[in-house]
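Asker:
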Amino acid sequence: MRPRSLSRRAVLAGGAAAAALSGCDASDTPQPSPTPSEDPERVLLRQLIADKEHTIALYSALIAGGATKLTPFRDRHQAHLDELRKRLPSGSSSSPAPKTPAPAPKTSVSRLREAERRSAALRVRQLAGVSPQLAQLIASIGACEAAHALALPRST
71 MRPRSLSRRA VLAGGAAAAA LSGCDASDTP QPSPTPSEDP ERVLLRQLIA DKEHTIALYS
131 ALIAGGATKL TPFRDRHQAH LDELRKRLPS GSSSSPAPKT PAPAPKTSVS RLREAERRSA
191 ALRVRQLAGV SPQLAQLIAS IGACEAAHAL ALPRST
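In structure tokens:
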């Protein structure tokens, strides 16, 4: 003898009856309130700002040690940082007030060059899903970082 299969109506009716008997219905179940997620562009801007602050700190450490040839490179990063901060809506500070960065251990021009390469490569991935204006800024920053990686002096 073959087992008898249940129809779709029978399954639905049984489910409704079970819900009624248990006293559960959808309106009794507390629904989690949707938490407003932070704007992805704002999050990205904060990441970009933190990255620029770190890069400026690396350059500043070497410049303080006498590598004054690096000043124009640092100044370009500072211009990027200023532009990124303008785009972050007021009232959403990226970080606490900037403090004097501590010299990074083993900071060298080769470390800067590698940081510039990594940053330039990362910028391409950061373009996805952002506004055209921010994409243009990020692409410009990435191009500048790529140029820095090539233009940094071989010795200071």
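Each step along the sequence shown adds one to the number in the numbering used here, with nothing skipped, and position 117 is 187. For glycine and all other residues, C-beta sits at the position ideal for the given N, C-alpha and C.
Would T177 be called buried (16 or more neighbouring beta carbons within 10 Å of its own) or exposed?
Answerer: Residue mapping note: residue 177 aligns to position 107 of the sequence shown, counting from 1. Per the 10 Å Cβ criterion, buried.
Asker: E184 and E215 look like a contact to me (Cβ under 8 Å); what is the Cβ gap, rounded to whole Å?
Answerer: In the sequence shown, counting from the first residue as 1, residue 184 sits at position 114. In the sequence shown, counting from the first residue as 1, residue 215 sits at position 145. Cβ atoms of E184 and E215 stay farther apart than 8 Å, at about 11 Å.
Asker: What separation, rounded to the nearest whole angstrom, lies between the Cα atoms of T125 and R144?
Answerer: Translated into the one-based positions of the sequence shown, residue 125 becomes position 55. Translated into the one-based positions of the sequence shown, residue 144 becomes position 74. Using only the alpha carbons, I get a separation of about 8 Å.
Asker: Of all the options L207, L154, A219 and I119, which has the alpha carbon lying nearest to the alpha carbon of S180?
Answerer: If you number the sequence shown from 1, residue 180 lands on position 110. Of the candidates L207, L154, A219 and I119, the one whose C-alpha sits nearest the C-alpha of S180 is A219.
Asker: Output the residue ranges of the beta strand (DSSP E) runs that lie fully inside the region 135-164 and measure 3 residues or longer, sorted by chain position.
Answerer: Within the region 135-164, there are no complete beta strand (DSSP E) runs of at least 3 residues.
Asker: DSSP state of A198, grouped into three classes?
Answerer: Residue numbering aside, residue 198 sits at position 128 when the sequence shown is read from its first letter. A198 falls in the coil class under three-state DSSP.
Asker: For T125, does the three-state DSSP call read helix, strand or coil?
Answerer: Sequence index remark: in the sequence shown, residue 125 carries index 55 (1-based). In this structure, T125 counts as helix in the three-state DSSP scheme.
Asker: Out of L197, R157 and P223, point me to the one whose CA is closest to A213's CA.
Answerer: The residue given as residue 213 occupies position 143 in the sequence shown. Of the listed residues, the one whose Cα sits closest to A213 is L197.
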